[in-house]
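Take the sequence shown: its position 135, counted from the start at 1, is 277 in the numbering used here, and no numbers get skipped.
All C-beta atoms in this analysis are idealised placements derived from N, C-alpha and C, irrespective of residue type, glycine included.
Down below is the structure, laid out as structure tokens.
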Amino acid sequence: MQQSDNQSDAINVVLWQYAKNGSDEERWMRSLSSNERERAATYRFERDRTSFIAGRYLLRQVLSAHTETQPDEVVLLADAYGMLTVEGRDTLQFSLSNADGLVAVAVTSECERVGIDCERPDAEIEAAALESYCSPDERRWLDQVPAGERPRAAVALWTLKESHLKALGVGLRQDPRSVAFSWQDGIPIQSGEPNRQWHHRLIESGSRHVVALAVRSQSGAPGIRVLTFQDDSMPSE
Ligand SMILES: CC(C)(COP(=O)(O)OP(=O)(O)OC[C@H]1O[C@@H](n2cnc3c(N)ncnc32)[C@H](O)[C@@H]1OP(=O)(O)O)[C@@H](O)C(=O)NCCC(=O)NCCS
143 MQQSDNQSDA
153 INVVLWQYAK
163 NGSDEERWMR
173 SLSSNERERA
183 ATYRFERDRT
193 SFIAGRYLLR
203 QVLSAHTETQ
213 PDEVVLLADA
223 YGMLTVEGRD
233 TLQFSLSNAD
243 GLVAVAVTSE
253 CERVGIDCER
263 PDAEIEAAAL
273 ESYCSPDERR
283 WLDQVPAGER
293 PRAAVALWTL
303 KESHLKALGV
313 GLRQDPRSVA
323 FSWQDGIPIQ
333 SGEPNRQWHH
343 RLIESGSRHV
353 VALAVRSQSG
363 APGIRVLTFQ
373 DDSMPSE
């Protein structure tokens, strides 16, 4: 899987570092469905509400381009676990993630599964938390990472796992220890996956955020195109 700009790219990853501004938020809201607006109103903290609105705004912009439908007319359906699909577009696979200040959307019509996760690497992850999501091999690998790089490496492992569980549609209902990673030539490889249908990458986000992508494809490693979304315009590289 490469980050490239040729036409054979099978996956688009769209990143948006949004600035918070009250009037923008009202504009973003206008492309949301009534259900989404109701959900937005339930957030207690403004930061979480803005993050949700920005996420659905970008998602609708991206899906609009892929379905040739107006953003506010894209019909999103959620299954019992919260995974979204576009009504009538079963082959369109996509995934959304937001972390304070960044939204990431991955979309593809050519792969069977896709999951994306982004996180801010600010927080020190405590040893007890590592036990709850890392395998023993992963903990040994983390122990060997230089101390200054360890927090980001721990967050990278977390995002890899969460992107995979989102691609499966189960999210954190499934134990994150059920998927483990090792590294080959700097590329994350899922342990115990001999068929190599799954492909995992850490994406350069242009911000401090860590972004991980998980893809299942029968036809080898797909190309990835990473785009930066400019609000009020088409996504551009
Ligand atoms: C999926 C999950 C890991 C995301 O956690 P997070 O780090 O807080 O959030 P992210 O920003 O990375 O991702 C959020 C997006 O993931 C997607 N998502 C939610 N549940 C999902 C699932 N089961 N599979 C794949 N994607 C999912 C949604 O598009 C969501 O966007 P939204 O908040 O606008 O609806 C977490 O919500 C989860 O484990 N959900 C499943 C557990 C469950 O049963 N939830 C019931 C709610 S209906």
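Just grab the DSSP bridge partners of V228 for me. Residue pairing by DSSP places V228 opposite L218 in a beta bridge.
How would you call S236, buried or exposed, if buried means at least 16 neighbouring beta carbons within 10 angstroms? Note on residue identity: the sequence assigns Phe, not Ser, to residue 236. Result: buried.
The beta strand (DSSP E) enclosing E261, as first and last residue numbers: Unbroken beta strand (DSSP E) run through E261: 255 to 261.
Between the Cα of V312 and the Cα atoms of S206, L369, V256, which residue gives the shortest distance? Minimum Cα distance to V312 is reached at V256.
CB contact flag (A354, H341, <8 Å): Going by C-beta atoms, A354 is not nearer than 8 Å to H341.
Nearest chain B C-beta to S176 closer than 8 Å, yes or no? Judged by its chain identifiers, the structure shown contains no chain B, having just a single protein chain.
How big is the Cα-Cα spacing for R292 and D285? If I take the Cα positions, the gap works out to 8 Å.
With a threshold of 16 other CB atoms inside 10 Å of the CB of N177, please say whether the residue is buried or exposed. With a 10 Å radius around the Cβ and a threshold of 16 neighbouring Cβ atoms, N177 comes out exposed.
Can you tell me whether N154 is buried or exposed? The criterion is at least 16 other CB atoms within 10 Å of its CB, across all chains shown. Buried is the label assigned to N154, since at least 16 other Cβ atoms lie within 10 Å of its Cβ.
Return helix, strand or coil for L314, following the three-state DSSP convention. Looking at L314 - three-state DSSP - the assignment turns out to be helix.
If Q339 sits next to Q316, beta carbons under 8 Å apart, how far is it from one beta carbon to the other, in whole angstroms? The distance from the Cβ of Q339 to that of Q316 is about 18 Å, inconsistent with a contact at the 8 Å cut-off.
Leaving out the 5 sequence neighbours to the left and right, which residues in its chain are closer than 6 Å to T250 when beta-carbon positions are compared? Closer than 6 Å at the Cβ level, and outside the excluded window around T250, lie A152, I153, Q235, V256.
Going straight from the alpha carbon of Q326 to that of A296, what length do you get? Looking at the two C-alpha atoms, the distance is approximately 17 Å.
Once you ignore the five residues that flank L226 on each side, which residues in its own chain have a CB closer than 6 Å to its CB? L218, A220, listed in sequence order.
List the residues that DSSP assigns as beta-bridge partners of V353. DSSP lists C260, I345 as partners of V353.
Residue nearest to V245 in terms of C-alpha spacing, selected from R186, E210, R262, E180: If you compare the alpha carbons of R186, E210, R262, E180 with that of V245, the shortest gap goes to R262.
From I258, E268, T211, A248, pick the residue whose C-alpha is nearest to that of G230; which is it? Nearest C-alpha to G230: T211.
Quick check on K308: buried or exposed, where buried means 16 or more other Cβ atoms within 10 Å of its Cβ? So K308 ends up on the buried side.
Rounding to the nearest angstrom, what Cα-Cα distance links K303 and I366 in this structure? Spanning the alpha carbons of K303 and I366 requires a straight line of approximately 19 Å.
Same chain, Cβ closer than 7 Å to L299, neighbours up to 5 away in sequence not counted: Closer than 7 Å at Cβ, skipping near neighbours: C276, E280, F323.
Cut-off 7 Å between Cβ atoms - residues of its own chain near G224, not counting five sequence neighbours on either side: Closer than 7 Å at Cβ, skipping near neighbours: G313.
Could you tell me whether the Cβ atoms of V204 and V247 are closer together than 8 Å? Taking 8 Å as the cut-off, the Cβ atoms of V204 and V247 count as close.
Start and end residues, beta strand (DSSP E) containing N177: Note, N177: premise wrong, no beta strand (DSSP E); alpha helix (DSSP H) at 176 to 183.
Alpha carbons only, please: which of G290, E254, I331 is nearest the one belonging to V357? Per the Cα distances, E254.
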